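Q: The listed protein sequences derive, respectively, from chains A and B. Counting along the first sequence from 1, when you hit position 7 you're at 7 in our numbering, and nothing is skipped either side. If you want our numbering, it's the 1-based position in the second sequence plus 1000. From the three backbone atoms N, C-alpha and C, an ideal C-beta is built for every residue, glycine too. Since the structure is predicted, the reported quantities are computational estimates derived from the model, not experimental observations.
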Amino acid sequence: MSAFKEAGHLFRFAGLFVLAFLVFLVVRHYVVPKSFGQYGHYRGAAIGEMAARPVKFAGHETCEGCHTDILDAKKNGKHAHVNCEACHGALANHADDPSIKPVLPDTAVLCARCHTTSAAKPKGFPQVVPAEHSNGLPCETCHNPHSPAMSAGGAK
Amino acid sequence: MNLSRRHFLVLVPAAAVAWKSVLAGTPEESPNYKMSDHWWGMLIDIPKCIGCGNCVRACQTENDVPDGHFRTWVERYHVTDENMVNPQVISPDGGKEGFPVAEEDAGKYFFVPKLCNHCADSPCTQVCPVGATFTSPDGVVLVDQKYCLGCAYCVQACPYGCRYIHPEKHVADKCTLCYHRITKGLTTACCESCPTGARQLVDLKNPKDPIHEFLKTHSVQVLKPQMATGAKVYYNDLDGSVR
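#1: The region 120-131 of chain A: which residues have C-beta closer than 8 Å to a C-beta of chain B, in chain order?
#2: Buried or exposed for A:Leu-10, please, with buried defined as at least 16 other CB atoms from any protein chain shown within 10 angstroms of its CB.
#3: Between B:Leu-1003, B:Ser-1036 and B:Lys-1184, which has its C-alpha nearest B:Asn-1297's C-alpha?
#4: So, with DSSP's three-state summary, where would you put A:Gln-38?
#5: In whole angstroms, give me the CA-to-CA distance for B:Arg-1181 and B:Glu-1062.
#6: Rounded to whole angstroms, what's the CA-CA distance from A:Ala-58 to A:Asp-96? Just pull it up for me.
#7: When burial is assigned at 16 or more other CB atoms within 10 Å of the CB, is A:Tyr-30 buried or exposed?
#8: Could you give the distance in angstroms between the alpha-carbon of A:Cys-63 and the alpha-carbon of A:His-143?
#9: In the region 1061-1131 of chain B, which residue ranges form an unbroken alpha helix (DSSP H) of at least 4 residues, counting only runs that do not cross its ends?
#10: Which of the three DSSP states is assigned to A:Asn-135 in this structure?
#11: Would you verify that the beta carbon of A:Ile-47 is, or is not, closer than 8 Å to some beta carbon of chain B?
#12: Does DSSP put B:Arg-1163 in a helix, in a strand, or in coil?
#13: Count Cβ pairs between the region 1046-1057 of chain B and the region 111-118 of chain A that sit closer than 8 Å; are there 3 or more?
#14: For chain A, find out if any of its Cβ atoms is closer than 8 Å to the Cβ of B:Leu-1149; answer yes or no.
#15: Hey, is A:Phe-57's beta-carbon within less than 8 Å of any beta-carbon in chain B?
#16: When the cut-off is 8 Å and only beta carbons count, does A:Arg-12 lie next to chain B?
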């Protein structure tokens, strides 16, 4: 036992280490977020926070819930697979509160965005040179944007 | 109870660890969404892309992406006959307002929409020193912006250039695959607004997802496969000149 008697200072030193470790644990407990390590080396709660953000594009199923007439007009036309908000823009605010009226897009800009002739576009995609094609008239003079084939009496 | 100092010192750390796990509690889960049921990716059908820029604008609206930064963008490639290894690539303002009209010219043109590849073995998450970026259990690479220091290691590590430092928040920002939408059963803003169906959200864990049939029957490639990042953005009919 006498060997240990001489080594008291070592035990006190070891005690300091243990104390420091405890302080470390306590500090770590308060500093590290509770969900850290839940799924991996990151804050698990961050996933839920990101999922909780509100959406701005309502999604075409939401639109179709009310605008069934437009859905009928679209479903057999060339634009059947073009979603509502591709042209009308993000309208989740309108879906939540129908009193917010969206602004109708300007077809001269909107249609030309996709249908202006360019050698870069896929060959089968319908393309026109707007200035030659319509002579400055708005597209909806002849085409219904929801089903753009020429209606009866049209050229083709 | 006669507790010796030795026992006390052994018990306190054990109790601290136990208490910590009690406080962590059980994870909160939205009622209809189970992370373990999904493994998200995207399919980009190059021959369908017309370069209209709808996806870029929709992404900026949905996610408040600051001007001049992009979570997704579109590149236009022009590969001339005699110069197959050096394509001319343009992406004016990320393709947000479309592309200048291309005159009939030699060679070929095509559009390549780009976004975070949501790599299964992503280089960006591996370099984060603080655990602020990670691949979620459903396969989406996300940034915890409350934890990010803005050191930009991840921005340098991404081989696809898909990350940037947000000019106001001063933290890393990137495509979240519209995590707030896909967990609610919606598709991403870019896919929702793509008029030709060139972009499609895919769930690789869903056996009914048409992606499985598509991958079997088409020539599909990922970007920079030699880097073994486990990229999950699949490009149909991707030209060899794309980098």
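A: According to the data block:
#1: Ala-120, Lys-121, Pro-122 and Phe-125
#2: exposed
#3: Residue 1297 of chain B lies beyond the range of chain B shown here (1001 to 1243); nothing can be said about it.
#4: coil
#5: 10 Å
#6: 9 Å
#7: exposed
#8: Between A:Cys-63 and A:His-143, the C-alpha separation is close to 22 Å.
#9: Along the length of the region 1061-1131 of chain B, whole alpha helix (DSSP H) runs at least 4 residues long occupy 1123-1127, reported in chain order.
#10: coil
#11: yes
#12: coil
#13: yes
#14: no
#15: Yes, contact with chain B.
#16: no
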